[in-house]
Amino acid sequence: MTEATDQHHEHAHEHAGAHDGPHGYASDKPGYLKRMRRIEGQVRGIARMIDEDEYCVDVLTQVSAVTKALQAVSLALVEDHLAHCVVDAAKASDDEGAAKVKEASEAIARLVRM
């Protein structure tokens with residue numbers, strides 16, 4: 001594995017036991033997967049447009065659509081995380097709740113800097 005992959009796995013393991021039970025998005029996992037597959041198709045379409053030398057503005061229009069779709073998924077994931085993971089942690093203890101609020105704030109900050 002590469003160093004980046006190792007770091008990703010370490011990060012994933014940090015959070016693996018941090019939330020007992022299903023993640024907040026689990027209730028709509030099929031919906032999320034459907035949205036992500038649609039976005040994946042859009043990205044492949046953009047690659048095809050570039051390969052076929054399509055007009056720049058047309059490519060940019062599709063990039064904009066993908067960006068907005070990813071932002072919508074991100075917002076939905078944040079809402080699910082707040083409604084489930086953060087609320088559950090806050091009910092468990094003040095320390096767990098504070099840690100989840102900090103984690104969510106950092107995730108939101110990363111999204112805002114996109």
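Sequential numbering from 1 applies to the sequence shown in UniProt numbering.
For glycine and all other residues, C-beta sits at the position ideal for the given N, C-alpha and C.
It should be emphasised that the depicted structure is a prediction, and the values quoted were computed from it without experimental measurement.
Contact between the stretch 62-78 and the stretch 29-38 is present: three or more C-beta pairs spanning the two stretches fall below 8 angstroms. CA-CA distance, Asp-95 to Ser-27, rounds to 26 angstroms. From the listed residues Ala-47, Lys-100 and Ala-69, the smallest Cα separation to His-84 is found for Lys-100.
Spatial neighbours of Leu-70 in its own chain (CB-CB distance under 7 angstroms, excluding positions within 5 residues in sequence) are listed in chain order as Ile-39. In chain order, Val-66 place their CB closer than 8 angstroms to the CB of Val-43, counting only its own chain and leaving out the 5 sequence neighbours on each side. Taken through DSSP and simplified to helix, strand or coil, Arg-110 comes out as helix.
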